[in-house]
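Numbering (the numbering used here), first residue to last: 1 to 199.
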């Protein structure tokens with residue numbers, strides 16, 4: 001239950017399930033200023049077309065996320081390494097925002113829409129701010145776990161003795177559902193038509 005409250009508190013940026021005594025104060029979670037990911041003055045990416053970044057990387061020793069010629073400081077290595085389905089999340093996110101966004105055509109696909117050609121020709125400051133915000137959120141709240149929740153995890157977390165009437169099985173739900181016909185509307189054994197009825 002406590003884990004669920006914390007998750008909802010995090011996902012609502014501190015608007016729900018607030019409890020100072022449990023370490024869930026109202027408002028978005030924040031790290032101390034000196035530990036929070038930030039864009040240093042020298043790390044801003046220029047907004048001219050020639051400076052549009054094409055690469056993203058990490059400097060683990062300095063805890064920096066490298067974006068083209070710019071950077072974001074105080075980014076834990078776990079944020080850079082975080083993967084979903086075997087793909088690094090930040091790399092995947094960046095691939096849609098970098099200078100060269102071409103994707104290899106796999107198989108017999110229709111050509112891409114001309115709307116796909118409408119892209120920024122320079123780096124937008126909001127994009128770097130978004131990366132910094134994601135890095136800050138993950139640094140403050142912990143990178144999401146890399147393991148799957150198993151059936152055993154769910155069974156262990158389930159209430160072994162739910163209060164009566166709280167949960168219904170699917171069979172009970174089906175039995176309570178309205179139907180179009182009553183059982184007595186059906187003849188269990190169809191009878192052959194009478195001799196005077198047309199076939």
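Built from N, CA and C at the ideal position, the CB exists for glycine as well.
Can you tell me which of the three DSSP states residue i falls into?
i: residue 115; result: helix
i: residue 58; result: strand
i: residue 153; result: helix
i: residue 30; result: coil
i: residue 20; result: helix
i: residue 66; result: strand
If you compare alpha carbons, which of the options is closest to residue i?
i: residue 93; options: 55, 115 and 11; result: 55
i: residue 95; options: 135, 131, 114 and 76; result: 131
i: residue 52; options: 33, 85, 97 and 24; result: 97
i: residue 57; options: 2, 90, 10 and 7; result: 90
i: residue 70; options: 157, 141, 2 and 127; result: 127
i: residue 32; options: 152, 156 and 141; result: 141
i: residue 9; options: 34, 85 and 137; result: 137
i: residue 100; options: 118, 87, 11 and 84; result: 118
If contacts are defined as beta-carbon pairs under 8 Å, then residue i and residue j qualify, I think. What distance do you get, rounded to the angstrom?
i: residue 28; j: residue 43; result: The pair is not a contact, with the Cβ atoms about 23 Å apart (cut-off 8 Å).
i: residue 74; j: residue 36; result: 6 Å
i: residue 217; j: residue 135; result: Given a span of 1 to 199 for the chain in the structure shown, any question on residue 217 remains unanswerable.
i: residue 76; j: residue 139; result: 5 Å
i: residue 30; j: residue 6; result: The Cβ separation is near 16 Å, so there is no contact.
If we cut at 9 Å on Cβ distances, does residue i have a partner in chain C?
i: residue 16; result: This model lacks chain C altogether, as it is built from one protein chain only.
> Using 8 Å as the threshold, is the region 13-33 in touch with the region 48-68, meaning 3 or more CB pairs across them?
Replying inline: Touching, no.
> What alpha helix (DSSP H) runs, 4 residues minimum, are completely inside the region 70-105?
Replying inline: Runs found: 77-81 and 89-95.
> Does the count of Cβ pairs from the region 36-53 and the region 117-128 closer than 8 Å reach three?
Replying inline: Contact between the region 36-53 and the region 117-128 is present: 3 or more CB-CB pairs across the two stretches fall below 8 Å.
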